[in-house]
Structures are given as C-alpha cells and as structure tokens.
Amino acid sequence: MLLADGRHVPDLHLEPGEVDRCRELAAQVTAPVLGFVAQHTTVAIERTVLRLLGLHGAGPRGIPQVNLVADELHRRRLLGKGAAWWLGYVMRQGARDPGAIVEAIASLPEQPAPLPPAEEAALREAVTRETRAAVAELRSRVAQRNALKAELGTGPRPHKYLIVATGNIWDDVEQARAAAQGGADIIAVIRSTAQSLLDYVPHGATTEGFGGTYATQENFRIMREALDDESRRLERYLHLTNYSSGLCMPEIAFAAAWERLDMLLNDAMYGILFRDINMKRTLCDQHFSRRICALADITINTGEDNYITTADADEAAHTVIASQFINESFAHRAGLPDRLLGLGHSFEIDPAREDTIARELAQALLVRTLFPEAPLKYMPPTKHKQGDIFFSHGYDLMADVVGWVTGQGIQLLGMMTEAMHNPSLADRYQALKGADYVYRAWRSMGDELQLKPGGMVESRAAATLHAARLLLEEVAADGLFAAIGKARFGDVARTEAGGKGLDGVVARAPGYFNPLLDELEAT
Amino acid sequence: MTARPLEPGPLVRPYGDRQDDGVVQLSFVLPIPPSERAREAAAEVARKLGLTQVLVASMEAAAERYSFFVVYGRTDVAIDLASLQVAEVVTRKKGFDELNEFSLREVGRRVVVLGACTGSDAHAVGIDAIMNMKGFAGDYGLERYPCFEAINLGAQVENVELARLAVERSADAVLVSQVVTQRDVHRDNARRLVDELERLGRRQQVLLLLGGPRIDHKLALELGYDAGFGPGTRPSTVANYIVGEVLRRMGKELHG
Ligand code: B12
C-alpha cells in the first residue's frame, strides 16, 4: 500500500465487509452518546466559554476566575442556561472587567429576575458578537502557526515524539531544545501526576511538578515560544503536544489552541478507564474539546495503547481496534477530519513469548490498513520494561522496526530507562540515535516485503479484526455505558454514576446559550 | 525466598572478564560540547569516583551543548558480604493447596485482605497482579485462595477511606501499592495510612504490607509498615507471608 507521505507498506488483505460493518457499528455506538451530549453541558465546558470571553486571570488564593464564576452559577443551579448567558446578564448590569464580573456573579440573587424578550435578544447578540471576535482571533493565531509550519517544513514521517517532564517549565525548555537538536519532531510535555483530577487549570508559569509539569496556558506559551525559536534555528518545524484529558479536557484544548499547540492527547474513554473520571462527564467534555481541536487544526492522539498496559496485549488486541473505530466515530462527529486522527496503539506483547513480532506486525499493519489517512500514533513498549536498560534498548529498536515497516505517522521513542524515571537527556539521545539508524537501515523495506498469504501475520490480523467486530456488535447492542461497566476495554470496569466529576454535569435548560458551541458547530 | 546466612569469607569485586579485575562501565552527560577538554573532564569524573585505568570509550554530541560519554575504569573496592546489613522478608513457602488447607484449619476462618494503590497514584497493575484471580507470571493472585477473603479496591484510593474500610471489614492485612515515587511522594502518602490507622487506634490489629517497583523491606519498615515487597514479587510469596504472620500473632506457626 502506498501512503500519502510516499512510503510503502506491505499489503494486508482484509475482508471489506468486516471493515464496513465495524464502522457501521461504531456509528451505532456513538450516536446515542451524542444524543446525551446534546442535552448536557459541564462545568468544564462552561469555563471554556468564559475563558474565550476573556476571564483569564486568577482570584485570591490562585483560584481561576472561570472557576469562581462557574461554581457560583452551578451552586445556584443557573449553569444550565449557559455561563455565557449570565456573563451577558451581569455585563448588561454594568460589570465590565473580569474582577467586576466575578463579583457581580457572586452577588446575583438566588433567583435572578428574567429579562424581557427584547433585552434577552440584545444580550445574546452582544455576547455572540464578542464570541465571534474572539474566535476570529483564535483562528488567526492558528493561521500564524500553520504559516510557520509551511515556511519551515516538517521532518519526514514518522515524526519522532519525545517526552520532557522535569516539573519545571524552564528546565523543560532546555530539555526540549536539546531533544530537538538531537532530531525530535514533536515535544510532549508530560503533566504532573494527578493534574487530571484537578477540576481547574492551574495558573501561570510553574516550576514544581511530580512526574511531569503542570499544564497551564502560560507554560504552553513559554514552550511554544521556545520551540518557534528553535524551529527557526534548525530550519525545521517542531511540534508541541500536551494532554487534554481528565476533568479539564475542553479548557486544556482551548488553552492549547490559543497558544498554537499542534497536537493533544485526547481520548474519548481514557479518563474514564485510567483516571476513574465519570463517563458522562468525560463523554461530554471530549466532544467539546474535539470540536475545539477541529477548529484549531490540532491533531488528536487517542490512548488505546494504554489498554494493553492493564490487559494482556495478546488477548486484548481486538479491544484496541474496536476502540479505535469508536474514537474515529466520535472524532468525525466532532468535525475532525482523518488527517487529524492520531489513533493510538502500541508494541506491548510480553517479550518472553515467541513469535511476538509476527503479532506486533499484524496489529500495526492492521491499524495502518484500517485507517489509511490517519497519522497513527505508535507507542513503544512500556509495561514489560524492567531495570535492565541494555535489554530495554534492544527491545525499543524492535518496536522502531515494526513502526517503520508499517508506516506509522507519529512514533513515540521508547526510553531504555522507562521502568525507572522520566527520561534523562542521555536516554533521549540514545533513543533518537537508535531510531535514526533503524529508519536509515530499513529505508526501502516496506516496499520489498510481502506477507505470506494465509500466513501467521495475515491470519492474526484477520482474527483480530473479526474479534473487534464481535466486540463492537456487543457494545452496540449493550450501549457504551453498559459495555464500560462490563470491563470491555482495558479490563477496567466503571459505572455510570461512579468516578469523579459527575456533579459537574448539568442538563441544558431551555434556551441554553453557548455561542462558542454555535461557532464550533458552524465550522 | 529463603535467606541463606553467608559465611564470612572471600571479598567480592566487580567482574569484567577476569576474577577481581574490578571493571566498571559508566555512562553520563556533561553540559558542554565535545572537545578534548570535555573528554578529559569525563575521565576526571571517573577518576574522582575512584576508578583507575580510565578509558573514555565514546564522546558524542547529544545536543549542541551536551556531550554523552561511555567510560570504563577499574575499581579497587572489595566488599565483605558478611558485613552487610540487609533487611529481607523471609518466607518459606507452602504450595497453594497446602497453604489454604493449613490456614483454614489453623486460623479457623478466612483471612481478610484489602488491597489498594493509594493517594493520587493511578497504577493498578501491580496491586492487581497480587490480588486478582489471574495473578502474576502464572502464580495465582490472592482472590483465588479459598483461605483469603481478598478485596481489591483498585487505584487512587484515599488513605482515610482505606483505613475506614480496614476497620469496617476487620481486615487482617492491608496491602498498599506505591508506584509513583518521584520527589518522594510515596513516602508521605504511605505514612498517611499508618497515621490514620493509629488515629483510629487500630494500627496494631492490622498487618500492613507495602509494595511497588521502588519499594524494599527496609523502606517499608522505615515508613511504619510490617513488610515491604519489590519488583517481581509473586502473589504466593505474599500469601505465605500473610498467613505466617497472622498465625504468629495468634501464637501459632506456619512451619511447625
Ligand atoms: C502501565 C503504566 C502506566 C499506566 C497505568 C495503568 C494502570 N491502570 O495501572 C498509565 C498509562 C495510566 C500510567 C500513568 C502514569 N504513569 Co506510569 N507507568 C506504567 C508502566 C509502563 C508499567 C507499570 C506496570 O504496570 N508494571 C507491571 C507491574 C506488574 O509491576 P509493578 O507495578 O512493579 O508491580 C509488581 C511489584 O512491584 C509488586 N507490587 C506492586 N505493588 C505491590 C503492592 C504490594 C502490597 C505487594 C506485596 C507487591 C506489590 O508486585 C507486582 C508484581 O510483581 C511504568 C514503567 C515500567 N515499566 O515500570 C510507568 C511508570 C510507573 N509511570 C510513571 C509515571 C510518572 C506515570 C504518570 C505520573 C505520568 C504522568 N505524568 O501523567 C502517570 C501517573 C498518573 C497517576 N495519577 O498515577 C513512572 C513513575 C516514575 C517514578 N518512579 O515515580 C514510570 C516508571 C514510567 C517512567 N519511566 O516515567 N502509567
């Protein structure tokens, strides 16, 4: 198969009926969820609207203004009308600057008087106008980013994705520049442990983090500025990515869009399964955040690779495929085109077994063949990494080979010290040197290799696809909520009312007003 | 796991390709570009670490302002194994059926075990490996043992909640997993459970086990736990340890 970027991968013959059926089933799975989403909003979605409308600061004790406002409205059960509506309401009463708006919202009576129709219309018109202006500015920032990308050009595929995670944004900048000089195409700033459970986005530049660096709008700005500078020096555009997951998916997506990030981890189910965030909350938040990604031309990365860190990679291969179809369907429903779908998968079969390469190759090629236009995100081994860094390095190179031969779009480079700590500078250097060697050495092999008809690789791919189809039949029949309840993904079971953040899900009231959503849906 | 007491005896030295040659390999980065001075600096780092016959095998630019080195040297240090203080959980093992039968008979009821990965730590795979039916590396988890009532609470469990449940369920043993250790977050978090149980006046009634890839017995003791288990721990080892300790506290013995 010839890929859009000019690379060839071995042909893999699949049953077309099976593939079409998977897509059909995935659409059946996501449709009722979208029905739920259309009737609800969340505190995080409303805070995003407020951010766009200029509430950027933090109040006393560092609490973001958007949280102060959203919490006040939520407490009075007013959020169902849309935070933008109340912003317009207090602005009509004379509140102008963010501080005054926060105060005016806090002093609203428990049951504010409704507006006469003419005033109501004027309010909506005024806030819509402001929203449009802000969205236009957002678009121009995205255009600036794309212009720089077009001017400098990007490195060849697969883009080499490296992680920095010192906890201190200034150290991260130094490490990111070093990684870029060593050949990285994408810099990912890993978030501090448990940030995903915070129901607010921390404020300002940060220098203290655990296992990662806080995702804040200011940190995004600092890193993007440094990478712009480094891109010009190296005459190669460097991409920046972060994590739009957890309780603040849409706010992070907005901050990332504004600060010109290129990619975001954004999975429809990751937060539910791996952070125990309530499913209704995540499913609403993912949709809104993906609409923002669609507007801002941000490539999303999904998290199916995580399923096979909790479940066995041999046994659960089909769950990855089924979930990718679901993630694809959710993404399409949020307006994301295929070229922005960095569907995730990984090289995680237990290396103590035999013929693992046949099965890894089958899986990677299956994903490639099913989603030909998507810039797939391929993860290196992580779970079975142990303290022997020498073995780990060899193990990583094996994943680099499979990633190359199967034409992956975004290659996370494995770290030989994965089992110990966040990567150090030397680890990244070794990973880059090894991957470059593999890409050089295997350069034309994707076009040279053919699979044995009916052989191990082909039959494994067919069996996995078949099992994925059966799983999708089941999920479509049961509904997504119930399927997650039965631990169908990643061996993790969650309940509809369980997990964090359900209290932040609000039914939309009649006349719900969200001018940002209107703009996003019009895109 | 059987600890064999070591006779005071020969000293050990690192082994390259000949007895006692003391060969050691190192790799590290210096924040300077490659140059002859950088190479000498790397060699000097190795010498100051006490190595002799230092060889800088590789010096490469890892980035514009950083050099990566691979360095070899020899050390004179020799270790007397008998002089070392090592904290180790010592368990003689019974087989699956034997342990179940023995425990049910001697304890006279099922031993109640709670497991959780606590605080903000979301890594469930380690505690699952010990607790869940399936177990780890072909070794069954505690849920499979008829002699245990094993309850796996999963990850991100608050210490206060875990302590409350331990009391409510009259747990004999609580198994705590800690995987994220950066900046020592695991230390404070692990201690918090001990504090909470003490506050409830129940610390002495519960056997506390700490485990994870960066945990060892010594650290666990230091944090107020009864035992610590590190990477590669098998559920059967944990099962034998728990039964042995529960019996010991009843004034009985697992291996009579
Ligand atoms: C899988 C994984 C994840 C998965 C976890 C999925 C899940 N539900 O568990 C996901 C993707 C969610 C994840 C997230 C993160 N991870 Co992680 N993860 C791993 C990984 C790849 C494997 C861990 C694993 O499952 N090992 C297999 C199990 C079986 O081994 P084990 O845990 O050691 O358990 C054995 C023993 O230790 C022991 N044991 C363990 N617990 C207990 C308890 C008791 C009582 C007993 C007796 C024994 C025992 O028995 C087990 C069987 O032998 C490791 C890297 C690695 N290879 O180790 C990183 C790793 C642990 N993660 C790491 C980090 C930093 C994170 C994040 C903070 C990243 C971020 N900034 O977002 C987040 C954490 C979020 C959070 N709130 O905790 C670091 C930790 C560094 C450190 N030392 O602090 C590691 C080492 C990776 C790295 N190099 O940076 N991670």
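Line by line, the protein sequences are chains A and B.
Going by the numbering used here, the letters in the first sequence line up with residues 2 to 524, in that order.
Going by the numbering used here, the letters in the second sequence line up with residues 971 to 1226, in that order.
The beta-carbon is built from N, C-alpha and C at its ideal position, and this holds for glycine as well.
Of the heavy atoms belonging to ligand 1, none sits nearer than 7 Å to the Cβ of B:Leu1163. The beta carbon of A:Ala28 sits closer than 8 Å to the beta carbons of Ser330 from its chain, once the five residues preceding and following it are set aside; these are given in chain order. Note on geometry: alpha-carbon atoms of B:Pro1116 and A:Ala317 lie some 28 Å from one another. Along the segment 1020-1049 of chain B, going in chain order, the ones with a CB nearer than 7 Å to a CB of chain A are Ala1032, Ala1033, Glu1034, Tyr1036, Phe1038. With contacts defined as CB atoms closer than 8 Å, A:Lys281 and A:Phe490 fail to qualify as a contacting pair. At a Cβ-Cβ threshold of 8 Å, B:Lys1188 and B:Ala1057 count as neighbours. Using a CB distance cut-off of 8 Å, B:Pro1116 does not count as an interface residue toward chain A.
Annotation for A:Ala195 indicates a beta carbon within 7 Å of some heavy atom of ligand 1. The beta carbon of A:Ser290 is closer than 7 Å to those of Ser245, Met250, Pro251, Ala254, Asn267 in its chain, skipping five residues each way along the sequence.
Listed by position along chain A, the residues whose Cβ is nearer than 7 Å to that of B:Ser997 are Ala427.
If you ignore the 5 residues before and after A:Leu413, its C-beta comes within less than 6 Å of the C-beta of Tyr162, Met380, Pro381, all in its own chain and listed in chain order. From the listed residues A:His57, A:Tyr90, A:Pro110, the smallest Cα separation to A:Ala122 is found for A:Tyr90. Cβ atoms of A:Leu426 and A:Gln112 stay farther apart than 8 Å, at about 59 Å. Look at A:Leu3: its beta carbon is at least 7 Å from all of the heavy atoms in ligand 1. The beta-carbon of A:Arg276 is placed less than 8 Å from the nearest beta-carbon of chain B. The beta carbons of A:Ala216 and A:Arg233 sit no closer together than 8 Å. According to the DSSP secondary-structure assignment, B:Ser1037 is paired through a beta bridge with B:Leu1000, B:Ala1031. Against chain A, the CB of B:Ser1147 has no partner CB under 8 Å away; the residue lies outside that interface. Here DSSP, grouped into helix, strand and coil, assigns B:Lys1188 to helix. For B:Pro980, the nearest beta carbon of chain A is not closer than 8 Å to its own beta carbon. Annotation: A:Gly154 to A:Thr214 spans about 28 Å, alpha carbon to alpha carbon. Contact annotation, A:Leu473 with A:Phe372: C-beta distance approximately 15 Å; criterion of less than 8 Å not satisfied. Counting C-beta pairs with one atom in each stretch, the segment 134-144 of chain A and the segment 349-365 of chain A have fewer than three that are closer than 8 Å, which means they do not touch. Taking a C-beta distance under 8 Å as the contact criterion, A:Pro99 and A:Gly58 qualify as a contact pair. Counting only unbroken stretches of 3 or more residues, the beta strand (DSSP E) elements lying wholly within the segment 1057-1112 of chain B are 1081-1087, in sequence order. Pairing A:Gly168 with A:Met457, the inter-Cα distance amounts to about 45 Å. Comparing alpha carbon positions, the residue from B:Val1150, B:Ala1086, B:Tyr1110 closest to B:Ile1121 is B:Ala1086. For A:Leu296, the uninterrupted alpha helix (DSSP H) segment begins and ends at 280-296.
Identification of chain A residues near B:Arg1204 by a Cβ-Cβ cut-off of 7 Å yields none; the smallest Cβ-Cβ distance measures about 15 Å.
Among the residues of the segment 197-231 of chain A, those with a Cβ less than 7 Å away from any Cβ of chain B are Leu198, Phe211, Gly212, in the order of the chain.
Between ligand 1 and A:Ile390, a heavy atom-to-CB distance of less than 7 Å is absent. Annotation for A:Leu35: Arg334 place their beta carbon closer than 6 Å to its own, counting only its chain and skipping 5 residues before and after. Neighbours of A:Tyr430 in chain B, taken as residues at a C-beta separation under 7 Å, are given in chain order as Ala1032, Phe1038. Per DSSP, reduced to three states, the secondary structure at B:Phe1199 is strand.
For chain A, the residues of the segment 1125-1156 of chain B that bring a beta carbon within less than 7 Å of one of its beta carbons are Gln1126, Val1150, Gln1152, Arg1153, Val1155, in chain order. For ligand 1, no non-hydrogen atom lies closer than 7 Å to the CB of A:Leu362.
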